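In this note's numbering, the protein residues as written are 395 to 545.
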(Lines of atoms letter the chains of each structure in order from A and count residues from 1; the text may use other names and numbers.)
(Lines give C-alpha, C1' and ligand atoms only; values in the text may rest on other atoms or scores of the structure.)
Protein backbone atom coordinates (compact mmCIF):
# COMPACT_ATOMS: atom_id res chain seq x y z
CA UNK A 1 0.00 0.00 0.00
CA UNK A 2 1.36 3.42 -0.94
CA UNK A 3 0.21 6.80 0.29
CA UNK A 4 1.30 10.09 -1.25
CA UNK A 5 0.97 13.25 0.81
CA UNK A 6 0.98 16.22 -1.60
CA UNK A 7 1.76 19.90 -0.94
CA UNK A 8 2.04 19.71 2.85
CA UNK A 9 4.10 22.20 4.81
CA UNK A 10 6.71 19.77 6.16
CA UNK A 11 8.23 20.89 9.45
CA UNK A 12 11.12 18.85 10.80
CA UNK A 13 13.31 20.51 13.40
CA UNK A 14 16.03 17.84 13.19
CA UNK A 15 16.71 18.60 9.51
CA UNK A 16 15.69 22.27 9.78
CA UNK A 17 13.01 21.75 7.14
CA UNK A 18 10.04 24.08 6.89
CA UNK A 19 8.71 24.05 3.34
CA UNK A 20 6.02 22.73 1.04
CA UNK A 21 6.90 19.14 0.09
CA UNK A 22 5.48 15.77 -0.93
CA UNK A 23 5.94 12.57 1.09
CA UNK A 24 5.68 9.03 -0.28
CA UNK A 25 4.83 6.27 2.20
CA UNK A 26 5.09 2.56 1.34
CA UNK A 27 3.83 -0.04 3.80
CA UNK A 28 3.86 2.44 6.74
CA UNK A 29 7.44 3.64 6.02
CA UNK A 30 8.39 7.03 4.59
CA UNK A 31 10.44 6.21 1.48
CA UNK A 32 10.74 9.60 -0.20
CA UNK A 33 10.45 13.27 0.69
CA UNK A 34 10.85 15.77 -2.16
CA UNK A 35 9.61 19.08 -3.53
CA UNK A 36 7.48 17.17 -6.03
CA UNK A 37 6.75 13.44 -6.30
CA UNK A 38 4.90 12.30 -9.42
CA UNK A 39 4.60 8.58 -8.61
CA UNK A 40 1.16 6.99 -8.69
CA UNK A 41 0.05 5.90 -5.21
CA UNK A 42 -2.82 3.79 -3.90
CA UNK A 43 -4.03 6.82 -1.96
CA UNK A 44 -3.13 10.46 -2.61
CA UNK A 45 -3.96 13.06 0.04
CA UNK A 46 -3.89 16.78 -0.72
CA UNK A 47 -2.25 18.45 2.28
CA UNK A 48 -2.44 22.00 0.93
CA UNK A 49 -2.68 24.38 3.88
CA UNK A 50 -1.78 21.66 6.37
CA UNK A 51 1.37 21.07 8.41
CA UNK A 52 3.09 17.70 8.36
CA UNK A 53 5.18 17.21 11.50
CA UNK A 54 6.91 14.39 13.36
CA UNK A 55 4.75 12.73 16.01
CA UNK A 56 4.51 14.72 19.23
CA UNK A 57 5.36 13.53 22.74
CA UNK A 58 3.11 14.18 25.75
CA UNK A 59 5.36 14.06 28.80
CA UNK A 60 2.49 14.50 31.26
CA UNK A 61 -0.76 12.66 30.70
CA UNK A 62 -3.17 10.73 32.92
CA UNK A 63 -4.36 7.35 31.65
CA UNK A 64 -5.98 6.38 34.99
CA UNK A 65 -5.44 2.64 34.49
CA UNK A 66 -5.09 0.69 36.74
CA UNK A 67 -7.78 1.56 39.22
CA UNK A 68 -9.77 4.34 37.62
CA UNK A 69 -10.82 2.71 34.35
CA UNK A 70 -14.23 4.36 34.60
CA UNK A 71 -12.39 7.66 33.91
CA UNK A 72 -10.00 6.47 31.19
CA UNK A 73 -8.08 3.40 30.09
CA UNK A 74 -4.75 2.93 28.40
CA UNK A 75 -6.68 2.15 25.23
CA UNK A 76 -8.98 5.20 25.27
CA UNK A 77 -6.11 7.52 26.23
CA UNK A 78 -3.89 6.08 23.50
CA UNK A 79 -6.68 6.53 20.93
CA UNK A 80 -7.06 10.17 21.95
CA UNK A 81 -3.31 10.72 21.81
CA UNK A 82 -2.99 9.28 18.30
CA UNK A 83 -5.97 11.33 17.08
CA UNK A 84 -4.17 14.44 18.34
CA UNK A 85 -0.87 13.64 16.61
CA UNK A 86 0.97 12.17 19.59
CA UNK A 87 3.11 9.09 19.00
CA UNK A 88 4.50 8.86 22.54
CA UNK A 89 2.77 9.46 25.87
CA UNK A 90 4.12 9.32 29.42
CA UNK A 91 1.36 8.66 31.95
CA UNK A 92 1.71 9.91 35.52
CA UNK A 93 1.88 7.34 38.33
CA UNK A 94 -1.25 8.52 40.19
CA UNK A 95 -3.21 5.30 39.76
CA UNK A 96 -4.45 2.69 42.24
CA UNK A 97 -2.44 0.65 42.66
CA UNK A 98 0.45 3.05 42.26
CA UNK A 99 3.17 1.82 39.89
CA UNK A 100 5.69 1.53 42.70
CA UNK A 101 6.78 -2.04 41.92
CA UNK A 102 8.01 -3.79 38.80
CA UNK A 103 4.88 -5.97 38.84
CA UNK A 104 2.48 -3.02 38.49
CA UNK A 105 4.72 -1.18 36.01
CA UNK A 106 4.99 -4.32 33.85
CA UNK A 107 1.18 -4.68 33.86
CA UNK A 108 0.85 -1.15 32.50
CA UNK A 109 3.53 -1.79 29.86
CA UNK A 110 1.91 -5.09 28.84
CA UNK A 111 -1.51 -3.44 28.45
CA UNK A 112 0.04 -0.63 26.38
CA UNK A 113 1.73 -3.28 24.23
CA UNK A 114 -1.58 -5.09 23.77
CA UNK A 115 -3.31 -1.85 22.76
CA UNK A 116 -0.35 -1.05 20.45
CA UNK A 117 -1.44 2.40 19.24
CA UNK A 118 1.46 4.58 20.37
CA UNK A 119 4.55 4.46 22.56
CA UNK A 120 3.50 4.43 26.22
CA UNK A 121 6.35 5.21 28.62
CA UNK A 122 4.83 5.12 32.10
CA UNK A 123 6.42 6.88 35.02
CA UNK A 124 7.10 4.93 38.15
CA UNK A 125 6.26 6.46 41.49
CA UNK A 126 9.35 7.71 43.33
CA UNK A 127 8.06 6.50 46.68
CA UNK A 128 5.90 3.56 47.68
CA UNK A 129 2.24 4.50 47.41
CA UNK A 130 3.29 8.07 46.53
CA UNK A 131 3.54 8.72 50.29
CA UNK A 132 7.08 10.12 50.32
CA UNK A 133 8.17 7.76 53.09
CA UNK A 134 9.96 4.84 51.41
CA UNK A 135 11.70 4.95 48.03
CA UNK A 136 10.88 2.41 45.33
CA UNK A 137 13.53 -0.05 44.10
CA UNK A 138 14.86 2.05 41.21
CA UNK A 139 16.91 -0.80 39.71
CA UNK A 140 13.80 -2.97 39.59
CA UNK A 141 11.78 -0.16 38.01
CA UNK A 142 14.46 0.57 35.40
CA UNK A 143 14.55 -3.11 34.46
CA UNK A 144 10.74 -3.18 34.11
CA UNK A 145 10.82 -0.07 31.88
CA UNK A 146 13.36 -1.74 29.56
CA UNK A 147 10.40 -3.76 28.21
CA UNK A 148 8.74 -0.66 26.71
CA UNK A 149 8.25 -0.96 22.95
CA UNK A 150 9.21 1.88 20.62
CA UNK A 151 7.83 2.05 17.10
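Backbone N, C-alpha and C define an ideal beta-carbon position, used for all residues, glycine too. Model, not experiment: these values are computed from the prediction.
Please return the same chain residues whose Cβ sits closer than 6 Å to the Cβ of residue i, not counting the five positions on each side in sequence.
i, result
"residue 475", "483 and 512"
"residue 452", "480 and 483"
Apply the 10 Å Cβ neighbour rule to residue i and answer buried if 16 or more other Cβ atoms are within range, or exposed otherwise.
i, result
"residue 471", "buried"
"residue 410", "exposed"
"residue 468", "buried"
"residue 540", "exposed"
"residue 508", "exposed"
"residue 440", "exposed"
"residue 485", "buried"
Which residue or residues does DSSP assign as beta-bridge partners of residue i?
i, result
"residue 423", "420"
"residue 452", "483"
"residue 521", "529"
"residue 400", "440"
"residue 431", "Residue 431 pairs with nothing; no bridge assigned."
"residue 405", "412"
Need the endpoints of the alpha helix (DSSP H) that residue i sits in, please.
i, result
"residue 374", "Here the chain covers residues 395 to 545 and nothing more, so residue 374 does not appear."
"residue 509", "496-509"
Given residue i, which residues of its chain have a CB within under 8 Å of its CB, disregarding the five upstream and five downstream residues?
i, result
"residue 531", "495 and 496"
"residue 491", "460, 461 and 498"
Looking at the secondary structure, which residues open and close the beta strand (DSSP E) in which residue i lies?
i, result
"residue 529", "Unbroken run through residue 529: none, as it is neither H nor E."
Closer than 8 Å, CB to CB, is residue i near chain B or not?
i, result
"residue 515", "Going by chain labels, chain B is absent from the structure shown, which holds only one protein chain."
On the premise that residue j lies in contact with residue i, defined as a C-beta separation below 8 Å, what is that separation, rounded to the nearest angstrom?
i, j, result
"residue 416", "residue 428", "6 Å"
"residue 442", "residue 401", "4 Å"
Please list, in chain order, all residues of the same chain as residue i whose beta carbon is under 7 Å from its beta carbon, the five residues on each side excluded.
i, result
"residue 493", "487, 499, 502, 516, 518 and 519"
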